[in-house]
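In the numbering used here, the protein residues as written are 428 to 632. C-beta: ideal position from N, C-alpha, C; glycine also.
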C-alpha cells in the first residue's frame, strides 16, 4: 500500500487481475470454458470489458490464469500436507503426494478446470508445461534427496521426474474419464504406489 494511503497503479492493476480470475474461476468450473461468457465474468468482477483486455489478450489467456491459480493452490496444499505428516523418507513423501494429487483431482472444480477444460482449451503442450512448472521442481528435489540418502539407487533425476509426473497426469485423466470414479481412483492409486515403490529397485537395466 502506498504510504499516503492511496493505492498505486500497480496495486489497482493487481486487484483488477485478481477480481477477474476470481470471477472467472467458478464460471469455468460450473459452466465450462465455452459457456462461461466474458460479459458475465466482467460483471461479476465489477470491471469493464476494456479492463479485462488490458490484462488478458483473450478468454483463453484468462482461463490459463485461472488454471495456474488452481495448480498453484494444489501445490501449496500438498506442501502443507507433507509438513503436517512429518514424513522424512523422500519415497514415502512422493507416495503421499501422489495420493493427495489423485484425491484433489477428484474434486469437481479441480477436475473440470485442471483435467477436462484445460487440456481442451490450452492443448497438451501448454497444459503439461504449466503443470510441470508447479510440480517438477518438487519431484526433482525429492528424487535427489532419495538418491543422496540411499533410499533409491542412483538414476537419471530429470528423466525419472518427468516419467513419474507423466504417469501421474495420465492417472488423473484416467480417473476423470472413468464411469466409476471411486474404482478408478483405487486402481490408479495402486498403480502409482507400485511405480513409486519400484524406484527403490537396485537391479534395473
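Three-state secondary structure (DSSP) of residue i
i: residue 494; result: helix
i: residue 515; result: coil
i: residue 602; result: helix
i: residue 614; result: helix
Alpha-carbon spacing of residue i relative to residue j, whole angstroms
i: residue 435; j: residue 468; result: 24 Å
i: residue 549; j: residue 491; result: 7 Å
i: residue 567; j: residue 499; result: 17 Å
i: residue 614; j: residue 476; result: 45 Å
i: residue 625; j: residue 538; result: 28 Å
i: residue 618; j: residue 591; result: 11 Å
i: residue 559; j: residue 516; result: 23 Å
i: residue 540; j: residue 455; result: 7 Å
i: residue 433; j: residue 470; result: 25 Å
i: residue 588; j: residue 546; result: 21 Å
i: residue 503; j: residue 629; result: 33 Å
i: residue 561; j: residue 466; result: 31 Å
i: residue 429; j: residue 442; result: For residue 429, the predicted structure reports a pLDDT of 48, less than 50, and the residue's modelled location is therefore unreliable. The matter cannot be settled from this model.
Member of the options whose CA lies at the smallest distance from the CA of residue i
i: residue 479; options: 529, 449, 506, 580; result: 449
i: residue 600; options: 587, 486, 533; result: 533
i: residue 457; options: 543, 508, 506, 473; result: 543
i: residue 461; options: 447, 620, 437, 487; result: 487
i: residue 446; options: 464, 489, 463, 459; result: 489
i: residue 563; options: 577, 585, 581, 509; result: 585
i: residue 581; options: 485, 627, 623, 511; result: 627
Interface flag, residue i vs chain C, CB-CB below 8 Å
i: residue 607; result: Absent from the structure: chain C. Only one protein chain is present.
Same chain, Cβ closer than 8 Å to residue i, five either side skipped, listed in chain order
i: residue 444; result: 482, 492
i: residue 583; result: none
Own chain residues within Cβ distance below 6 Å of residue i, not counting five before or after
i: residue 505; result: 524, 527
Residues near residue i in its chain [Cβ-Cβ closer than 7 Å; skip 5 each side]
i: residue 602; result: 529, 532, 533, 608, 611, 612, 615
Worksheet item: Can you find at least 3 beta carbon pairs, one from the stretch 554–565 and one from the stretch 481–501, that sit closer than 8 Å?
Response: yes
Item to complete: Answer yes if the stretch 587–602 comes into contact with the stretch 527–539, meaning at least three C-beta pairs across the two stretches below 8 Å, and no otherwise.
Response: yes
Item to complete: For the stretch 567–582 and the stretch 507–522, state whether three or more C-beta atom pairs, one from each stretch, are separated by less than 8 Å.
Response: yes
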